[in-house]
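In our numbering, the protein residues as written are -7 to 175. Backbone N, C-alpha and C fix where the C-beta goes; we use that ideal spot for every residue, glycine too. Notes for the one structure printed next.
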Amino acid sequence: MSLPETAILVIDEAYIDFASPLDKFSSLQTALKSERMVILRTFSKLFGLAGLRVGFGIFPRFLADYVRRVRLPFSINVLGEKAAQAALKDSMFKQATLELVLRGRQYLAHELEIMDCEVYPSQANFLMFKPPADARVVFEKLLARGVIVRPLNSYGLSHLIRVSVGTETENKTFISELRAILH
Ligand SMILES: Cc1ncc(COP(=O)(O)O)c(C=O)c1O
C-alpha cells in the first residue's frame, strides 16, 4: 500500500467487532506500524452504548497530540467514560451480543434467500439485499407495517435495502412482514 506523503488515512472500524476473522478485516496492526494512519472505533455498536456518545481513535502519537489540543473540553461525560471502561471488561455481554448478531445475520440471510432476495455478504450487524420487487415500494410497505429498514437510494443504490440484525423476535417480525408483502 502506498500513501502520498501529505495524506493521512482514517479508517472507520465502527463495525469491526462483528467481522471474522478479525485480523483479515481490521487495519489495526498496519496502523500501529504507520505514522499516518488512524483507526476509529465506537461503543455504539457491539457495546450497545450509542446513547452515551463514546468512541475512541488509535492515532500516531504526534497526531494524538494535535487532536488533544483542538478537542473540545468535556467532549465525553464522566458517565460515558465510566460506562465505556466497564463495557470493555464485560466479556459476557460482548459475547452474548456477538452470538445474537451472528445467529441473526445467518437467519436473515437464509430467510431472505428463500424469498428470492439477492443477499450480499456481510461482516457487520446489518445485511444489504435486493428484493425481487421494487425496493422503494417494499420499503414503504414495510414502513406501513411498522418495520423500518433503510432504502439505499441516497447511495445511488435504489434497488437495494439495508436491514439491521435485531433480536430474534424483531428478525422474525421483519421476515414475516416481508413475506406477506412479497407474496
Ligand atoms: C459507518 C459508521 N461509522 C461510524 C458510526 C459511529 O457511530 P457513533 O457516532 O454512534 O459512534 C456509525 C453509526 O451508525 C456508522 O454507521
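Any non-hydrogen atom of ligand 1 within 6 Å of residue i CB
i	result
G138	no
A172	no
S83	no
A88	no
A6	yes
A42	yes
G72	no
Whole-Å CB distance - residue i paired with residue j, under 8 Å assumed
i	j	result
I68	I31	Their Cβ separation, rounded to whole angstroms, is 18 Å, which puts I68 and I31 out of contact at 8 Å.
F121	E110	6 Å
V157	R97	5 Å
V70	F118	31 Å between Cβ atoms; not a contact.
Alpha helix (DSSP H) segment containing residue i, residue limits
i	result
D15	14 to 17
D57	53 to 62
M153	The sequence shown places Ile at residue 153, rather than the Met named in the question. No alpha helix (DSSP H) contains I153, which is instead part of the beta strand (DSSP E) from 149 to 156.
I106	83 to 106
Terminal residues of the beta strand (DSSP E) in which residue i lies
i	result
F121	118 to 122
F48	47 to 50
L38	Segment: none, L38 is in no beta strand (DSSP E) and carries neither H nor E.
Chain-order list of residues whose beta-carbon lies under 7 Å from that of residue i (same chain, five-residue window excluded)
i	result
E169	L134, R137, V139
A42	S36
Beta-carbon proximity list for residue i, same chain, < 8 Å, skipping 5 on both sides
i	result
E5	S18, S19, L20, I31, L32, R33
E105	V111
S150	A127, R128, P143, L144
Contact set for residue i: own chain, Cβ-Cβ below 6 Å, skip 5 residues either direction
i	result
A116	Y7, F10
Checklist entry - Would you call the stretch 124 to 141 and the stretch 57 to 64 touching, i.e. three or more CB-CB distances under 8 Å? => result no
Next on the checklist: Within 8 Å, do at least three Cβ pairs link the stretch 31 to 48 to the stretch 142 to 149?
Outcome noted: no
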